[in-house]
Structure formats: C-alpha cells, structure tokens
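Here is the structure we will look at.
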Amino acid sequence: MGSSCGRVCWEWASRLRRLTGFSRLLSTAALAPQICVVGSGPAGFYTAQHLLKHHRLAQVDIYEKLPVPFGLVRFGVAPDHPEVKNVINTFTQTAHSDRCSYYGNVTIGKDVTVKELQRAYHAVVLSYGAEDNRILGIPGENLSGVYSARAFVGWYNGLPENRDLKPDLSSETAVVMGQGNVALDVARVLLSPLDILKKTDITEGSLAAIACSKVKRVWLVGRRGPLQVAFTIKELREMINLPGTRPLLDPADFTGLGDVIKDVPRPRKRLTELMVKSALEKPGEREASRWASATKEWGLKFRCSPLEVLPAADGKQARGIRMAVTRLEGSGESARAVPTGEVEELECGLILSSIGYRSLPLDSSIPFDPKLGIIPNSLGRVQGAPGLYCSGWVKRGPTGVIITTMNDSFDTAQSVLEDLQSGLLKLSNSKEGFKSVRSILHSRGVHPVTFSDWEKIDAAEVARGKLAGKPREKLVDPREMLQLIGH
Amino acid sequence: MAAPGTASLLRASAASSCRWLLAAFRGAAGRPGGGGGGVVSGSVAVRTPGRFFGVSARARLSSEDKVTVHFINRDGDKLTAEGKVGDSLLDVVVDKNLDIDGFGACEGTLACSTCHLIFEDHIFEKLDAITDEEMDMLDLAYGLTETSRLGCQICLKKFMNNMTVRVPEAVADARQSIDMSKNS
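These protein sequences, in sequence, are chains H and D. The working numbering applies: residue 158 is where the first sequence begins, and numbers increase by one. The working numbering applies: residue 380 is where the second sequence begins, and numbers increase by one.
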C-alpha cells in the first residue's frame, strides 16, 4: 500500500513536472526573439553565432542576395589562402543550428524591404558589407585595360557579377594603384606560378586566362610613403617569398627609416623592418639565387598620385598612367600627400585600382553616412532606428582582418542581447519571423535557397573540382546554381 | 542543441596534431607562402588527422604524459583541462570543448590570431622559439603583451603542468557581457 502510494505520488509528480515544463515551454516559445541578419559573410555569420550561443531561444535568419553563402570568404579571400577559408567550418555549424536558417537568393531592398523585415522581426542586423569600390576619379579611368581590383578579385574568385570581366592581360607591366592587402592579393595572383594556382579553387576560366597572361612585372603604387602602406606583414612576407619573382625596392625609399620606426607600434615597426631588410640588406644565398633566376618581378612605388590614364593611339586602350609626384606633410598614419608639381609617367597596359571597397546605402529609409561610407551607429545600434543594428564593413568601414570582423560582430550581437534584456526590444510584440517573409517572397515569385540547397551546390562544386585536382570548381552562373537545386 | 562554437566541429574536421603541423610547416618553410599548399589542402583545409590512432594507444598513455592547464577566460572564469604531451593548446581547447568565444577560427593554420593566449613569465621564458610567421599573426592580435603566443603553436610539455594561460579581452569596450543562454 505504502509503496503503491509512493509510486502513484511519484508518477503524479512527474506528470506535473512534465505539464509545468510544457507550459513553461509554451510561454517561452512565444517569447523567443526573432532576429534576422542581412548578408551571409563573416559579419553576418559571426553575429548569428554569438546571438545563438548567448541566447537560448533566439531564432536567427540569415538573408543573402546570392544563392551561395559566405560573402568575402568565398569571393574575396585569395584562392591561394585556403587556411582563411577554414572559418567556413564554423559558419556551417552555425547554419546547422535548429534555431538558424539561411535564405539565399533574396535581395533585401528589392525582394523584401527593410521595413518589411522590421515588421517580421524583433531585431534586424545589417551586415551586407561593401559591394562597391572607391574610384580614382581621373580621366581615362574607363579605358580598356583599367579595372577595379574588386572586380578583378571577383573575377578570379567566381563572383557572378564579374564572371565576364575578361581582363586584358596582354601587357608586360601592370600597375596596381593602392598598397593594401587586396593590392598584394591581385599582384600575387598575377605573378604566381601556375602550378600553385591550379591547385586552388580559382575559377577555371580565370586560370586559363592567367595561363596566357603576358604580365611579368607588377608595380604597387601608393600616394604616400613606406610608413603609410596599408598591407599587413604576413601578405608582404608571402610576396617577398613568392617563387619565381623578385622584389623591386628602391633603396632610397628605405634608407634612414630604421631610426624613424624605433617608437612606432610593433605591427608597423616589424612591417617596416621587413621592407627595409629586403631593400637594403644583402640577400641570403638561397634568396639571391631565387631572385637572380626569377622571370617575374614586383615592386613598391611611393609618393605618386594618379592624374590620368593615358590612351593608346586607338583612343580606347590604356597605354600608361600619368602621376603627380608627391611629398609628405606631417608624419605617421595621418601624413598627407601633397603634389610637388613634378609629373611621372609609367607605361602599362593593365591598371587595377585598389584604393578601397565602399558600402552602399540599402534604401533611403536607413541612415547612411556617404562620406565615411558606413551606417552611423553606436556599438552597432543604428542611430535613430531602434531595432536596427549593423556589423562588419558597413558598420566600421572596409578594413581589417577576420578577427576584426569577428570581434565587431560579437560586439553588435552583444548590443542586441543587452536591448533584449533591458526590454528595449519588446518580445511581447509577437513577430512571425520568416513565416511572414515567406508569404511576401511567395507573392513576389522569389524562391529562397536554403542551406541544404547550398550543400548540394557545394557537393557539386567539390565533385567538379576533384576531376581537375582542385578543392572545388565554383559555379559562376547563378542560373546554373538554381538549376542544380531544381529551382 | 549545442551552442555553435568552433570546438565540436573542429574535432570532427581533425584538429592539428602539433607534431604534424610543425612537420608540415617545416616542409613549407623553404618557400613560405608557396601557395599555402604545403600546410593545407582543399578549399577548406583539413589536416591529416593526428588523433586517429586507436583508443588502445590512447589508453596506454600513462598519467605521466598528461598536463593540466588552467585557462582564465575573458569573463574571468577559470577553465581547467588536461591534455597530453605534444598536444597544442588549441587541441586542448577543441578536445575538451572549452567555451572560449571565437577561439581558433583558422583551425591552427597560422592564418588568424584568435587563439592568442597570454603566458606566465616563467613559462613564457621556456617556450620554444617563435617563428616569424607566428609573430606576423600576433602583430594583428588584440591586447598583445610581452608574453603573448598563439595557442596553436604551443605544444604541451611536462614543465607546463598546472600553468595558467589568460585569454585576452577581445572587445574594445569593457561592457558586462550578457549571457542569456543560461537563465532566460
């Protein structure tokens, strides 16, 4: 009797626990924050990762304009830098969370407006990056043979909008305007031995074009001096060690720099020391023999500001660039380049402008600072727009490496979490999330691509790559991607 | 649902065996940047699994080969884990699923600085010499100190037993971090 009572009591208690557990589940399910992220590059995925990890109930939907995810990790990171692409493993794990969904092939601002997203979600995070580039703004910029480095990178990385770029690689000398990591990336891809490139995920079309390239000399031109270069040391070291090439560094540019850099922060100091060493010190035996046998070369040119791209006799093709020689006013990072009045001309048939990416406003309802090219924000909260956030390049401008974007995305996610906790984001206003967006998309004939759709595309790319001894052969035509998944 | 972090996934994709990585790195050292192909292969680099030797081999390792490491996380929490001699600190974080946000983003391939750790002076002095390539990545690390190293490059040795390493503060502002995964 006693034992049976005990059992009944236990069963009852357990049922009660299940019941109360269930009711708690119901009430909390109603309070799950619906959050969406616009853009599936590192900023979008790192923001999503942090939100999912630090909020037990949050549902995070990631929207992407292209069918395929990962933004600049797929379309920006150089093909010979597969290590950086390892972050995709973590992003994939995030996308596999049962509280995270990916919707590719959806252009925010066209297929769905930000206003509509704000009606569907408690919080909207804009992390759509920088899809445009700054232009030189000089005569002749539109001549054939002049390209933005952004488009060139998009071309060799299979970005659909740049797949038909067909850059003219018939000139021996190429000039890259700019001295950042993108400038070094394009120089490296132009000069790398084919044996290296063909084992990467560079697109087959661009590999074939580069195989026929006549380019054997690349100048990286900066308006300021060696102390103002924007690239980082890993990329410079890689360039200095690139097989089959030798650096062209004018000793005059580097003499005496050793004293100047004694008190600058470590990254700038080590970066400058590496340039000084390569320019002024006698190379080791191995390096000397490599340089002697090199068939290609690259160099840094300082204190030159572009004035005009010079046309060839046909008036269509670029044949060179005219530059104003400058001197520096002030010192350090804030030094300004001032024209001396002297002019220099450089003969080249290929000119790549690599002076920075640029974010564009999504629509007129969202604050945008056209001068800085960012969405004005404080700690990721868009100014004057409660419930709207931003992360990544559109938040802080198009600079930094993966850890910069990771930290800034975690910061933005933290702001969202704070606003959820403080009640600024009212969960009592029930939001339908993707359910309501789905009906909008349906009514407009837009078919989103899911993450499992992407995984089919991924598998197809990897299989195609395998045949060519590459990690993947990217599909470059969105129609082909959609066809593959039966859209 | 496990929180999406790098850890469990890293395990699946076979994190570095320190010995392997070093060997591969040395192989590529003659021509660093030689396409990166020496260190990794594949668009998503997967390293040769150094840990696929059988359970029996693992079991045979005596406690002599174990090293205890204390990690002071960003929030001040102390995480203690055990690894075996030869494991890198990244291996330990991954194997033990230690909850350190964003740790080891490039999975030990010297392409980021997210596994940056700060060492005690007496341990730091005894660490193997640092390569230029590791220094290059440390240059981009947040909160760099005189005793900073990358966790993926430090392999456990007996003398490290009971050492304490600190995860540097990553965020620029010192806001109280909110975690609604436990109490919401």
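For each residue, glycine too, the CB sits at the ideal point set by N, CA and C. In this text the structure is predicted, and so the values were computed from the model without any measurement.
- Not a single C-beta of chain H is nearer than 8 Å to the C-beta of GLY530 of chain D.
- Judged by DSSP in its simplified three-state form, GLN578 of chain H adopts helix.
- The residue from H:LEU577, H:LYS623 and H:ILE597 with its alpha-carbon nearest to that of GLN191 of chain H is H:LEU577.
- The DSSP-derived three-state label of HIS501 of chain D is helix.
- Cβ proximity to chain D below 9 Å picks out PHE567, ASP568, GLN571, SER572, LEU574, GLU575, LEU577 and GLN578 from the stretch 567-591 of chain H.
- Think of a sphere of 7 Å around the beta carbon of ASN338 of chain H: no beta carbon from chain D falls inside it, the nearest being about 11 Å out.
- Within the stretch 471-503 of chain D, contact with chain H at the beta-carbon level (separation under 8 Å) is assigned to ASP480, GLY481, ALA484, CYS485, GLU486, THR488, LEU489, ALA490, CYS491, SER492 and THR493.
- Using a CB distance cut-off of 8 Å, LEU519 of chain D counts as an interface residue toward chain H.
- Here PRO635 of chain H is buried. Its C-beta has 16 or more other C-beta atoms within 10 Å.
- DSSP places THR429 of chain H in the helix class (H, G or I) of the three-state scheme.
- When CB distances to chain D are screened at a threshold of 7 Å, the residues of the stretch 381-395 of chain H falling below it are THR389, ILE390, LYS391, ARG394 and GLU395, in chain order.
- At a cut-off of 8 Å between beta-carbon atoms, ASP511 of chain D makes contact with chain H.
- Across the structure, ARG553 of chain H and SER450 of chain H are spaced so that their CA atoms are roughly 44 Å apart.
- Counting the other Cβ atoms within 10 Å of the Cβ of VAL551 of chain H gives 16 or more, which makes it buried.
- Secondary structure note for LEU377 of chain H: its beta strand (DSSP E) is the uninterrupted segment 374-378.
- Around the beta carbon of GLU504 of chain D, a 10 Å sphere encloses fewer than 16 other beta carbons of the protein chains shown; the residue is thus reported as exposed.
- For ASN541 of chain D, the number of other beta carbons within 10 angstroms of its own is below 16, and it is reported as exposed.
- DSSP places LYS355 of chain H in the coil class of the three-state scheme, outside both helix and strand.
- Around the beta carbon of VAL241 of chain H, 16 or more other beta carbons sit within 10 angstroms, so the residue counts as buried.
- Considering only beta carbons, the part of the stretch 550-563 of chain H lying closer than 7 Å to chain D consists of VAL558, ILE559, ILE560 and MET563, in chain order.
- In the three-state scheme derived from DSSP, where H, G and I count as helix and E and B as strand, PRO496 of chain H is classed as strand.
- In this structure, DSSP gives GLY311 of chain H a helical state, which the three-state scheme calls helix.
- Across the set H:GLU361, H:ASP410, H:ASP342 and H:PHE232, the C-alpha of H:ASP410 shows the shortest separation from the C-alpha of LEU437 of chain H.
- At a cut-off of 8 Å between beta-carbon atoms, GLU240 of chain H makes contact with chain D.
- For PRO224 of chain H, the closest Cβ of chain D is not nearer than 8 Å.
- Excluding sequence positions up to five before and after GLY266 of chain H, its CB lies within less than 7 Å of the CB of LEU519 and ASP520, all in the same chain and listed in chain order.
- In this structure, H:CYS547 is the residue among H:ILE390, H:GLY379, H:CYS547 and H:THR556 with its C-alpha nearest to the C-alpha of THR569 of chain H.
- Residue state for ALA277 of chain H is assigned as helix, using DSSP reduced to three classes.
- Taking C-beta separations shorter than 7 Å and ignoring five residues to either side along the sequence, the partners of ALA387 of chain H in its chain run GLN336 and GLY337, following chain order.
- LYS458 of chain H has H:VAL378 as its beta-bridge partners, per DSSP.
- For ARG427 of chain H, the chain D residues whose C-beta falls within less than 8 Å of its own C-beta are MET514, ASP515 and ASP518, listed in chain order.
- Any Cβ of chain H closer than 8 Å to the Cβ of LEU523 of chain D would place that residue at the interface, and such an atom is present.
- Along the stretch 405-434 of chain H, going in chain order, the ones with a CB nearer than 7 Å to a CB of chain D are ARG423, PRO424 and ARG427.
- Judged by DSSP in its simplified three-state form, HIS604 of chain H adopts coil rather than helix or strand.
- For THR330 of chain H, the uninterrupted beta strand (DSSP E) segment begins and ends at 330-334.
- In terms of Cβ geometry, PRO408 of chain H and SER435 of chain H do not form a close pair [threshold 8 Å].
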